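Each residue of the sequence shown is one higher than the one before, starting from 1 at the first, in my numbering. Note that beta-carbon positions come from the ideal geometry of N, C-alpha and C, so glycine has one too. Keep in mind that this is a model prediction, so the values were computed, not measured. The block underneath contains the structure these notes are about, expressed in structure tokens.
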Amino acid sequence: MELNKENKAELLYGRLRDRIETMTEGESFPSVRQLMQEYQVSRFTVDPVLRKLREQGHLESVIGSGTFVRHPEIGKQPKLLILESDWPSPSIRDMSALLAARAQKMNFAHEIVPVDHREDFCRMLPALSADVVVANSLARDLLTADQVRSLVNAPVPCILCLNAARVDRVRFVNGNNQAAGMIVANYFFRHGHRQMAFLRTEPHGVASDDLIQGFRLAAGTFGCDVDVLDCGTKSGEDSSERTRGYLARNLNRLRKYSAIFVGSSMTAVAAMSFLAEHGIAVPEEISMLALGDVKIAGAERLSVAASARADIAREVLDMASDIVNRRFDRNFQVEISPRIIERGSVKLMQPGCLPVAQG
Numbered sequence: 001m002e003l004n005k006e007n008k009a010e011l012l013y014g015r016l017r018d019r020i021e022t023m024t025e026g027e028s029f030p031s032v033r034q035l036m037q038e039y040q041v042s043r044f045t046v047d048p049v050l051r052k053l054r055e056q057g058h059l060e061s062v063i064g065s066g067t068f069v070r071h072p073e074i075g076k077q078p079k080l081l082i083l084e085s086d087w088p089s090p091s092i093r094d095m096s097a098l099l100a101a102r103a104q105k106m107n108f109a110h111e112i113v114p115v116d117h118r119e120d121f122c123r124m125l126p127a128l129s130a131d132v133v134v135a136n137s138l139a140r141d142l143l144t145a146d147q148v149r150s151l152v153n154a155p156v157p158c159i160l161c162l163n164a165a166r167v168d169r170v171r172f173v174n175g176n177n178q179a180a181g182m183i184v185a186n187y188f189f190r191h192g193h194r195q196m197a198f199l200r201t202e203p204h205g206v207a208s209d210d211l212i213q214g215f216r217l218a219a220g221t222f223g224c225d226v227d228v229l230d231c232g233t234k235s236g237e238d239s240s241e242r243t244r245g246y247l248a249r250n251l252n253r254l255r256k257y258s259a260i261f262v263g264s265s266m267t268a269v270a271a272m273s274f275l276a277e278h279g280i281a282v283p284e285e286i287s288m289l290a291l292g293d294v295k296i297a298g299a300e301r302l303s304v305a306a307s308a309r310a311d312i313a314r315e316v317l318d319m320a321s322d323i324v325n326r327r328f329d330r331n332f333q334v335e336i337s338p339r340i341i342e343r344g345s346v347k348l349m350q351p352g353c354l355p356v357a358q359g
């Protein structure tokens, strides 16, 4: 079908717009080459027309899959579904509340749905009805290949919140844990600490791996070694109880360290309580700092490295808005830089009390 009119781009737009109206949501749209052949036009004509249709939300291009028809509903309030782990954690509840508040501010209809932490949330995705799904703290372990495929191919776009999966086309917003580890090592060093340890209280995964890598990297540049004390916590276990059990078995070993970085605030509070019960004062005898800021009893005395939860919620909703409005020229894998919140659990070593680095 050759276009003989002078303004080929305008005519092609009208033809393609009419064609889209006859097609169903999600139906595969012809490629650039196919359109060039069918309408006898050049790529210089086709490309701007397709770009305009994408910007208007009538088409969506997915890298590696092709172009698909979309039928945006004018004036429709987008729906955000927040899948929340039912794991008993105040930080998870706080994050969901911040997401909900931000969603309301940005005119999203929203719903918080509790999900059994033992279940694979990715299996739920095909049955969900929403414009965007946010999975809050649900990917506790490394994602499997099947989970990645489910996330990438889900009919509803999904954003991981407080989890990271550096796999192409997986969307996430998380704190930058590697940066957190580096910041904590630097903070300990500036306070005069040379004998440092990382208390691994959470299940093995990307989050704790990044923490350890950053912590060791920065400590190493200062000439300090870092020991990793692994509590052996598995997914679904009570990490605070596992932490107490580990400390009970290794109490004497802790005395060689002047500063300990703990994998989470909840377990750090449990650790401080256990140490106090056994006559070891924080920070007088052992300094302690943890990842994440939670509002629980005892945490008011705990210094932490934390990315502002409000910043994470804002980024998640900005990402959701861009998805709904078909704005794809943005980064869909975002890590928020952390900061140190000082609450007195890290001791400033006096010059005469500084331990001598070995080696």
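Same chain, Cβ closer than 8 Å to residue 86, neighbours up to 5 away in sequence not counted: 114, 115, 116 and 117
Please confirm if the stretch 161-174 is in contact with the stretch 329-344, defined as three or more CB-CB distances below 8 Å between the two stretches. yes
From 323, 138, 104 and 236, residue whose alpha carbon lies closest to that of residue 93: 138
Nearest-angstrom beta carbon gap, residue 178 and residue 147 [assumed within contact, 8 Å]: Contact flag wrong, Cβ pair sits at about 22 Å.
Distance, residue 176 Cα to residue 190 Cα: 21 Å
Identify the continuous beta strand (DSSP E) that holds residue 303 and give its terminal residues. 303-306
Excluding the 5 residues flanking residue 155 on each side, which residues of the same chain have their C-beta closer than 7 Å to its C-beta? 126
For residue 36, which of helix, strand or coil comes out of DSSP? helix
Around the C-beta of residue 316, are 16 or more other C-beta atoms found within 10 angstroms, so that it is buried, or is it exposed? By the 10 Å Cβ count, residue 316 comes out buried.
What three-state label does DSSP hand residue 42 in the structure shown? The answer is coil: DSSP assigns residue 42 none of H, G, I, E or B.
Distance between residue 90 and residue 31 (C-alpha atoms, nearest Å): 49 Å
Can you find the residues in the same chain that come closer than 6 Å, C-beta to C-beta, to residue 20, ignoring five residues on each side of it along the sequence? 58 and 69
Could you tell me which of 151, 180, 80 and 201 sits nearest to residue 110, measuring between CA atoms? 80
First and last residue of the uninterrupted beta strand (DSSP E) at residue 66: 66-69
Stretch-stretch touch, CB-based, cutoff 8 Å, three pairs: the stretch 247-258 with the stretch 209-223: no
Going by other Cβ atoms of all chains shown within 10 Å of its Cβ, with 16 needed for buried, is residue 84 buried or exposed? buried
Where in the stretch 274-321 do unbroken runs of the beta strand (DSSP E), each at least 3 residues long, occur, reported from the N-terminal end onward? 287-291 and 303-306
Out of curiosity, what's the CA-to-CA distance linking residue 230 and residue 35? 59 Å
Have a look at the DSSP bridge pairing and note the partners of residue 360. With the chain running from 1 to 359 in the structure shown, residue 360 is simply not present.
Whole-Å CB distance - residue 199 paired with residue 271, under 8 Å assumed: 7 Å
Going by DSSP, name the residue or residues bridged to residue 223. Residue 223 has no beta-bridge partner at all, per DSSP.
How is residue 136 classed by DSSP in three states: helix, strand or coil? strand
Residue span of the alpha helix (DSSP H) that contains residue 61, given as start and end: If you look at residue 61, you'll find it isn't in any alpha helix (DSSP H); it sits in the beta strand (DSSP E) that goes 59-62.
Let me know if residue 202 comes out buried or exposed under the rule of 16 or more other beta-carbons within 10 Å of its beta-carbon. Counting Cβ neighbours within 10 Å, residue 202 comes out buried, since at least 16 surround it.
Chain-order list of residues whose beta-carbon lies under 6 Å from that of residue 74 (same chain, five-residue window excluded): Because the pLDDT at residue 74 is just 48, under 50, the model does not fix this residue reliably, and the value given afterwards should be weighed accordingly. Counting only Cβ-Cβ distances below 6 Å, and skipping sequence neighbours, we find nothing.
Excluding the 5 residues preceding and the 5 following residue 326 in the sequence, name in chain order all residues of the same chain whose CB lies nearer than 6 Å to its CB. The beta carbon of residue 326 sits closer than 6 Å to the beta carbons of 57 from its chain, once the five residues preceding and following it are set aside; these are given in chain order.
According to DSSP, is residue 171 helix, strand or coil? strand
Note down the Cα distance separating residue 10 from residue 25, rounded to an integer number of angstroms. 24 Å
Could you check which residue in 43, 171, 268 and 284 has the C-alpha nearest to that of residue 320? 171
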